[in-house]
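Residue numbers (the working numbering), protein chains in the order written: chain F, 1375 to 1732; chain D, 160 to 422.
Glycine included, every Cβ here is placed at the ideal spot set by N, Cα and C.
Bear in mind that the values here come from a model prediction, so they are computed numbers and not experimental data.
I have placed the structure first, in the form of structure tokens, so that the comments after it can refer back to it.
Here's what the structure looks like:
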């Protein structure tokens, strides 16, 4: 078991004018499940591949435990990688696929068989050991890919979107299985995904990347409650946070001609225009004329709760406002409702720099 | 079921097409067999001309030469091309177009032109390695490059070589292991067809051997057809059968490998 450290790590592709991953500093604790998340092209996969040794590190260092692995070939890093398309060897049976790394490590045959069987038991693959990968379903192949990594008993698991090729239902169940498995094995894991729900549900900590730069690394709840900047605020949470452009007028955010109270320390820190972030559940419905008017365009009733999507004519309010409502309180399309919020529930950002003020 | 209505017409077409093809394909062969076993002046049969293939030292040695050439060319081609192509795919994909261009080049230049160019080089080859017909191997490797390249390229394109290699490397394999244990077994079919195409081409190659004055099976048969037509035809048929047997052996070998691995 080991920690993983990214120390000012950079990956610059030849001919590119800016790095794919720039000055990445990240400390991953022993046994931790860290998720790298971000939109496509943000450098999350590149960061993972740098750790795996499949991508060159052009500056800085990467350490596994106390070992500097920056320039070691992949086979000497003691990691196991799980790929999005599984990359199972088509010419080998499931058992041979899973035993591959042990064969490479010259583990005696009996022990090899033993460890493969154990992993197969863990993953419910025992009856498929003699089959070829092409005779397996997508979910089974995914489990073989996991098994191949587990059998190696590596210091670090590197998982590159391992659930992306599964259908929605299977993805949800496998998500919990992987998280539980990781917990049981206690192996430090770096997991890449573009799906923020996956990131929030699986990770002990989540690192959000954008344009090759780490935006914030924190526990899922902290990311949700205290997003460090506008990008994280908009990226984390589903449905997404409402971001409203506002002027800072004596401790209030003036959105169009409606004033919303904000946190006083944030207000004092603000120098220019601010952006106010309100989660869908942070809105309060108030009487006519009191808050921001929202014309309801779509109502989603989910039973326990519901969401109202609508638009507001106020300046600075985005085209679509999302409000979470009580599941039993019905609103009709075309109706206009008025909403406001409380200073404690408002996230305040500097519009220009995007940095958090509250 | 669908097979009753349109099926009949389809089946008939298929039988007719197959029959036509069989006639087109086998009739010349049968004619060759007939001609090569005919006894002059009588209606009887003789295998004299076939026996000549073995007893006549010129012919038998040319057969040995051609077979050896086929083997050497195939081996040298595989040794050169397979690792190069895998390496290009894995490590320097930007060089792929260049390698493809170089490999396909021999196809665009008529053999006659190549021979004229190569004959100067062969003066040196002969000087350094002697005048054995086996030195033709070098020229033949160039000649078979386009066909072997195509076969290997198709096989490599059908497997995701890069990810498979990455998976193996992250699980503790070095480059040699990646190539031998992961990539090669997955492109085995392509390697075999490249080998077959090369062997078949070499067994039938005439221009190079003839113009460089080497005695290989095709050139000897060419001479023979002028002096002893019957033995010439017997030799041609024998060469054809040899190539067929080779193909059957190779495909049987490929199939056996697949099944034993799967069991």
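- Beta-bridge partners assigned by DSSP to residue 1531 of chain F: F:1454 and F:1563.
- For residue 1449 of chain F, no beta strand (DSSP E) segment is defined, and its DSSP state is neither H nor E.
- For residue 1509 of chain F, the closest of F:1467, F:1434 and F:1532 by C-alpha to C-alpha distance is F:1467.
- Only exposed fits residue 286 of chain D, as fewer than 16 other CB atoms lie within 10 angstroms of its CB.
- By the neighbour-count criterion, in which a residue is buried when 16 or more other Cβ atoms sit within 10 angstroms of its Cβ, residue 337 of chain D is buried.
- At the C-beta level, residue 1671 of chain F and residue 1685 of chain F come within 8 angstroms of one another.
- Taking 8 angstroms as the upper bound for CB-CB distance, residue 1411 of chain F and residue 1427 of chain F are not in contact here, some 22 angstroms apart.
- In terms of CA proximity to residue 397 of chain D, D:212 leads the group D:212, D:201, D:307 and D:411.
- Under the Cβ distance rule, residue 1428 of chain F counts among the residues neighbouring chain D, one pair being separated by less than 8 angstroms.
- For residue 1646 of chain F, the CB contacts under 6 angstroms within the same chain, skipping 5 residues up- and downstream, are 1726 in chain order.
- In this structure residue 1409 of chain F does not touch residue 1530 of chain F by the C-beta definition: roughly 14 angstroms separates them, more than the 8 angstroms allowed.
- With at least 16 other beta carbons inside 10 angstroms of its own, residue 1582 of chain F counts as buried.
- Measuring C-alpha to C-alpha distances from residue 1487 of chain F to each of F:1497, F:1474 and F:1498 identifies F:1474 as the nearest.
- Just so you know, the alpha carbons of residue 1405 of chain F and residue 1620 of chain F end up roughly 43 angstroms apart.
- Around residue 344 of chain D, the beta-carbon contacts reaching into chain F at under 9 angstroms are 1463, 1464, 1465 and 1466.
- With a beta-carbon spacing of about 7 angstroms, residue 1464 of chain F and residue 318 of chain D fall inside the 8 angstroms limit used to define contacts.
- Pairing residue 1651 of chain F with residue 1592 of chain F, the inter-Cα distance amounts to about 19 angstroms.
- Comparing alpha-carbon positions, the option among F:1624, F:1418 and F:1692 lying closest to residue 1615 of chain F turns out to be F:1692.
- Approximately 6 angstroms separates the beta-carbon atoms of residue 1497 of chain F and residue 1520 of chain F; this is inside 8 angstroms, confirming the contact.
- Taking the beta carbon of residue 1526 of chain F as reference, the chain D residues within 8 angstroms of it are 330 and 331, listed in sequence order.
- Taken through DSSP and simplified to helix, strand or coil, residue 1521 of chain F comes out as helix.
- Contact of residue 1483 of chain F with chain D by beta-carbon distance below 7 angstroms is absent, the smallest such distance being about 16 angstroms.
- For residue 335 of chain D, no Cβ of chain F is located within less than 8 angstroms of the residue's own Cβ.
- Comparing alpha-carbon positions, the option among D:392, D:302 and D:292 lying closest to residue 236 of chain D turns out to be D:302.
- Residues of chain F with a Cβ closer than 7 angstroms to the Cβ of residue 341 of chain D are, in chain order, 1463.
- The criterion of a C-beta distance shorter than 8 angstroms is not satisfied by residue 1719 of chain F and residue 1640 of chain F.
- Residue burial is scored here from C-beta neighbours: residue 1396 of chain F has at least 16 other C-beta atoms within 10 angstroms and is therefore classed as buried.
- Within the stretch 1573-1661 of chain F, the complete beta strand (DSSP E) runs of at least 3 residues fall at 1579-1584, 1587-1592, 1616-1623, 1626-1629, 1632-1635, 1648-1652 and 1658-1660.
- Under the Cβ criterion (8 angstroms, minimum of three pairs), the stretch 1700-1714 of chain F counts as touching the stretch 1655-1669 of chain F.
- Apart from sequence neighbours up to five positions away, the residues of its chain that approach residue 373 of chain D with a beta-carbon distance below 7 angstroms are 292 and 295, ordered along the chain.
- For residue 318 of chain D, a Cβ of chain F is located within less than 8 angstroms of the residue's own Cβ.
- Under a criterion of Cβ atoms nearer than 8 angstroms, the residues of chain D adjacent to residue 1455 of chain F are, in order, 325, 326, 329 and 330.
- Under DSSP, residue 204 of chain D takes part in a beta bridge, and its partners are D:197.
- Beta-bridge partners assigned by DSSP to residue 1543 of chain F: none are found.
- For residue 1380 of chain F, the enclosing beta strand (DSSP E) has its first and last residue at 1378-1385.
- Taking a beta-carbon distance threshold of 8 angstroms, residue 256 of chain D does not count as an interface residue toward chain F.
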